[in-house]
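Keeping their order, the protein sequence lines are chains A and B. Following numbering that gives the first Met the number 0, the numbering of the first sequence begins with 0 at its first residue and continues without gaps. Following numbering that gives the first Met the number 0, the numbering of the second sequence begins with 0 at its first residue and continues without gaps. Glycine included, every Cβ here is placed at the ideal spot set by N, Cα and C. For reference, the structure is listed below as structure tokens.
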Amino acid sequence: MTATEPVLSTLIDGNSHQLPDWALWFQVVGDSLAQWDEDGLRSWTCVTVPTRSFAAALAAFGSVRFAANRGAEDSLAERLSTLTPGDAVAWLDTNGEMRSGRFEGVDDTYVHYRPRNHGGIGIATKRPLAMAQDFYPLEPGEEPFAGARCVADNERFVVSALGVDSKALLLRSSVDVVICGTATQLAEELESQDFCSGGASGRLMDVIRPKRLLPAGQRWRSLIVTGSSRPSDVSLTVDPSVVVFDGAQAFLRLSDSIPGKSNLVILDRWSARIEESVAMVRIARNQRWVEARPPSIDGLPPGVETFSWVEES
Amino acid sequence: MSSFAVADTTYKAASRCSVYVVHVEPGDVEVVAEAHQRLRKITWDEDEAGKLLEILRYARFRLVSSLVPYSSEQLGLAELIVGLDAEMEFLTPGTETHHLTSQAREALRRLTSSGSNPLGEAALELLGDVPTNERMVAVRQSRTVEATGLYLTGAGAPSQVVSAQSLRSADGCESLICVGPPQFFPSATWTASRWESVCFIQYPFGWRPPAEGGAFGPDGGLKTPRFRESGTAETRGEIEPFNVSESIQMAASSASRKNRFTGGEEIESFMLLLEDGYAVWTETDESNWMLCIDADEPDSPLIVNKAASTIGPGDYLVLRSGTRDADYIRELADEEFGAAQLRKNQARWKKALAEAVSSAGSVAAAQRELRRLGATTTNVRHWTSEASIRPQRYSDFVAACRFSGIESEAESLWDDLGKIFRAHLQAGQQVRQDLESNLLSDGVHELVASGVQSYTLPRLGELAGYRVLYRNPGSEMISLGMIDRPFRAAEGGWPT
């Protein structure tokens with residue numbers, strides 16, 4: 000699957016419409032930023048747009064889709080090699096139930112893993128790996144949790160939109176993208192607009208899954224940091240691969256606090272702070288750029304302007 | 000319509016929008032504009048003709064930005080004619096200044112008595128081709144919105160009328176007509192248009208269409224905006240409130256007279272009346288920008304940087320209130336962003352310029368020489384002041400260096416001064432972030448309620464936000480040490 004493949008279409012008044020060029024472009028931007036990975040370097044891509052609506056959400060979708068596919072490429076053996084006894088892991092049993100516990104080791108007799116049970120969940124300790132569908136280590140600090148059905152809401156939509164098994168989203172939490180902006184506006188974009196993929200309808204919320212907007216205990220794929228957050232609120236335990244600054248206010252307030260590996264700054268030309276933001280972007284670029292190639296993003300839609308650089312991280 | 004569909008419509012409008020300028024035959028409007036331009040050029044010392052220039056500037060601005068007949072009371076041209084009458088009594092008959100002022104006054108009289116409205120007539124012609132619900136008219140000043148709407152309705156072309164400021168939140172439609180040159184409206188009007196066509200109705204003098212390089216310059220990739228026609232020449236105008244309480248005008252005038260701090264280095268300044276009886280002098284130069292608080296949402300305030308020339312009633316200024324240097328940006332730029340080590344170069348070019356001005360005999364003579372050497376602006380007083388870093392244009396700086404006998408160093412000095420300038424920007428950004436962190440913890444409810452709120456920041460000490468009540472017209476030469484330093488000028492507060 001390539002980023003430019005139109006996996007989504009919009010659903011308006013019950014009718015499916017092909018995704019317009021600008022929306023597809025933001026999806027490609029998110030994908031390109033997630034792919035960019037240079038040791039010791041950080042990339043910045045700034046765009047000015049006629050309206051910020053859906054720009055951050057679609058870019059985040061591109062980043063999550065890339066990360067989900069990258070995760071699927073890791074083999075079970077590779078993931079197994081990273082585990083040490085005592086690590087918290089989650090796995091799917093053969094009934095599609097999600098379980099978790101502490102990893103003990105490999106039983107050569109049955110060639111299986113024996114998670115020690117935590118929390119009183121009935122888990123067969125002698126179940127061979129082949130009987131478990133998949134497993135993931137939990138994030139550092141994440142405790143084993145109670146069992147749950149591992150089926151995504153709008154599963155057909157999620158599978159088609161991401162091109163991977165939806166269980167990959169629900170087994171573990173990850174931070175594929177951080178979106179800095181206004182939470183209510185992002186929530187409205189993620190939850191109100193219907194999209195179509197693979198003949199099923201769903202919303203961007205189903206795939207982007209920001210922690211802030213999910214019920215407690217659900218696995219997340221992204222974080223939303225609001226423009227009014229204090230610096231202490233936004234200190235992250237992870238180094239995000241993609242950070243989207245949705246608007247001048249988010250950029251001016253948070254760009255120093257949480258820069259990612261690749262950063263996207265979306266500036267609305269109608270914003271009262273556009274001039275100040277552009278001035279700061281120019282200063283940052285002039286002072287910090289190094290000779291390295293920023294993420295390659297082609298096919299600029301009309302009315303959109305870009306400005307990119309790479310700096311040392 | 001869903002929000003996604005609205006966004007899609009916006010992108011389509013931005014890519015398809017046609018932008019054009021319609022030039023209107025100016026007639027007597029050009030007489031007023033030319034008199035103003037000419038007087039600006041021949042008046043070396045604006046103190047002498049400051050009031051006169053101000054009246055002509057207001058007259059010119061109202062003529063080129065209004066869609067109502069020039070006889071309309073809302074425009075207040077009659078009051079300006081009375082003001083010109085008063086000013087002419089101080090002018091010597093036979094001088095060019097007297098002649099130009101007289102011409103402008105007569106032209107204004109003809110325009111008001113005839114009730115002509117060339118911009119309005121052009122607008123009516125354009126509006127006739129567009130369905131009522133698909134047309135919008137934008138005017139520069141919000142206070143003329145209602146009068147413009149009434150005029151259009153009376154002329155049989157009812158239309159939605161909005162101010163330039165409210166264009167940010169206006170919905171798109173087929174056609175937008177802007178009254179005045181593009182510079183009177185946000186650049187997004189043509190770079191990120193929500194309308195299928197945008198037409199600027201203006202007189203063919205005074206303003207060029209803006210450059211189309213986009214926010215990030217010519218390499219940014221913005222290719223779509225375009226203007227079908229172009230204007231000529233260049234200048235700018237600011238807006239003055241039409242109706243201000245007479246008592247506060249008198250109080251401001253009195254406070255200005257009583258608090259003229261002089262001595263040492265003096266720079267041209269104007270006075271802002273602040274809440275709770277406070278006042279502050281600040282520099283008139285266009286490079287003077289000040290930190291303000293955008294308190295529209297008291298729970299989530301913003302710190303914004305505003306040109307001093309645009310600050311007026313209702314704005315909230317952030318000023319240092321303690322005994323430390325009022326120029327906290329300079330202090331921070333020196334201490335934390337490396338500007339201190341470059342100050343000697345800044346001082347060197349100012350000293351050379353000051354000596355050259357002294358050798359020339361007078362500021363006016365120096366300005367004439369600078370123009371001869373290629374400078375387009377010659378704000379010598381400001382350039383030699385400690386408050387300024389460098390001229391805005393490189394060509395002006397080179398001319399100043401040539402005039403000062405240090406032309407060979409112009410390039411390296413310009414680079415160093417650029418570093419100082421950037422350090423000031425960084426310092427401003429740092430202050431803004433510090434203030435926002437502080438403001439966010441408390442909100443600005445007290446500031447909105449009382450008009451004054453104090454803050455203490457670790458790096459900067461005591462600061463305070465003040466609501467601006469009035470901007471005193473005219474300017475004075477004020478001691479540099481009193482610039483941007485608030486002081487109590489009226490016990491018990493200002494009259495309302």
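Beta carbon proximity, residue i to chain B, threshold 8 Å
i	result
A:ARG272	yes
A:ARG287	no
A:TRP269	yes
A:GLY302	yes
A:GLU275	yes
A:ILE265	no
A:PRO214	no
A:THR47	yes
A:PHE60	no
A:THR81	no
N-terminal and C-terminal residue of the beta strand (DSSP E) that residue i is part of
i	result
B:LEU110	First-last for B:LEU110: 95-113, but that is the alpha helix (DSSP H), not the beta strand (DSSP E).
B:LYS11	Premise fails: B:LYS11 lies in the alpha helix (DSSP H), 2-15, not in any beta strand (DSSP E).
B:PHE336	Counting along the chain, B:PHE336 falls outside any beta strand (DSSP E), and DSSP gives it neither H nor E.
A:ARG41	40-48
Nearest-angstrom Cα separation, counted from residue j out to residue i
i	j	result
A:VAL28	A:ILE273	21 Å
A:TRP24	A:THR225	24 Å
A:PHE250	B:SER449	31 Å
B:VAL30	B:TYR202	12 Å
B:GLY360	B:GLU330	34 Å
B:ALA12	B:VAL5	10 Å
A:GLY198	A:ARG208	21 Å
B:THR261	B:LEU416	28 Å
B:PRO224	B:VAL129	Note that B:PRO224 has pLDDT 45, beneath the 50 cutoff, so the model's placement of it is unreliable and no number is given.
A:THR44	A:SER31	11 Å
B:GLN102	B:ALA34	7 Å
B:CYS16	B:SER453	47 Å
B:ALA488	A:LEU57	55 Å
A:SER62	A:VAL6	14 Å
A:ARG281	B:PHE215	8 Å
Residue i: first and last residue of the uninterrupted alpha helix (DSSP H) it sits in
i	result
A:GLY29	20-34
A:GLU187	182-191
B:GLN201	Run containing B:GLN201: none in the alpha helix (DSSP H); it sits in the beta strand (DSSP E), 196-201.
A:VAL224	It is not in any alpha helix (DSSP H) - A:VAL224 instead sits in the beta strand (DSSP E) that spans 221-225.
B:VAL362	362-371
B:GLY155	Per DSSP, B:GLY155 belongs to no alpha helix (DSSP H) and is neither H nor E.
Cβ of residue i within 8 Å of any chain A Cβ
i	result
B:ARG496	Because residue 496 of chain B is not part of the residues shown, which for chain B are 0 to 495, the question remains open.
B:LEU459	no
B:LEU341	no
B:ALA325	no
B:ALA214	yes
B:VAL443	no
B:PHE336	no
B:ALA332	no
B:VAL5	yes
B:SER478	no
B:SER387	no
B:SER174	no
B:SER453	no
Residue i: contacting residues in chain E (beta-carbon distance under 7 Å)
i	result
B:SER286	Looking at the structure shown, chain E is missing, and the protein chains on hand are A and B.
Contact set between the segment 412-436 of chain B and chain A, restricted to residues whose Cβ is under 8 Å from the partner: So the list reads ARG421, LEU424, GLN425, GLN428, ARG431, GLN432, GLU435 and SER436, given in the order they occur along the chain.
Minimum length 3: unbroken beta strand (DSSP E) runs contained in the segment 410-488 of chain B: 451-456, 460-470 and 475-478
The segment 171-197 of chain A: positions lying closer than 8 Å to chain B by Cβ: Cβ contacts with chain B: GLU187, GLU188, SER191 and GLN192.
Contact set between the segment 137-169 of chain B and chain A, restricted to residues whose Cβ is under 7 Å from the partner: Cβ proximity to chain A below 7 Å picks out ARG167 from the segment 137-169 of chain B.
Near-chain B residues of the segment 242-262 of chain A (beta-carbon distance less than 8 Å), N- to C-terminal order: Residues of the segment 242-262 of chain A with a Cβ closer than 8 Å to any Cβ of chain B, in chain order: GLN248, LEU251, ARG252 and ASP255.
Segments assigned beta strand (DSSP E), at least 3 residues, entirely inside the segment 279-311 of chain B: Whole beta strand (DSSP E) segments, 3+ residues: 288-293 and 301-306.
Short-range partners of chain A found in the segment 99-133 of chain B, where Cβ spacing is below 9 Å: For chain A, none of the residues of the segment 99-133 of chain B brings a beta carbon within less than 9 Å of one of its beta carbons.
Members of the segment 7-33 of chain B near chain A, C-beta cut-off 7 Å: Taking a C-beta cut-off of 7 Å against chain A, the contacting residues of the segment 7-33 of chain B are ASP7, THR9, TYR10, ALA13 and SER14, listed in chain order.
Under 8 Å (Cβ pairs) to chain A, residues found in the segment 176-206 of chain B: When C-beta distances to chain A are compared with 8 Å, the residues of the segment 176-206 of chain B below that value are PRO185, SER186, ALA187, THR190, ALA191, SER192 and ARG193, in chain order.
Segments assigned alpha helix (DSSP H), at least 4 residues, entirely inside the segment 20-82 of chain B: 27-41 and 45-64
Residue ranges of each beta strand (DSSP E) within the segment 234-308 of chain A, 3 or longer: 241-245 and 261-267
Residues of the segment 298-325 of chain B whose Cβ lies closer than 8 Å to any Cβ of chain A, in chain order: SER299, LEU301, VAL303 and ASN304
Residues in the segment 26-46 of chain A having any Cβ partner in chain B nearer than 9 Å: CYS45
Length-filtered (3 minimum) beta strand (DSSP E) runs lying within the segment 255-279 of chain B: Whole beta strand (DSSP E) segments, 3+ residues: 265-273.
Residues within the segment 13-24 of chain A neighbouring chain B, beta-carbon criterion of under 7 Å: PRO19 and TRP21
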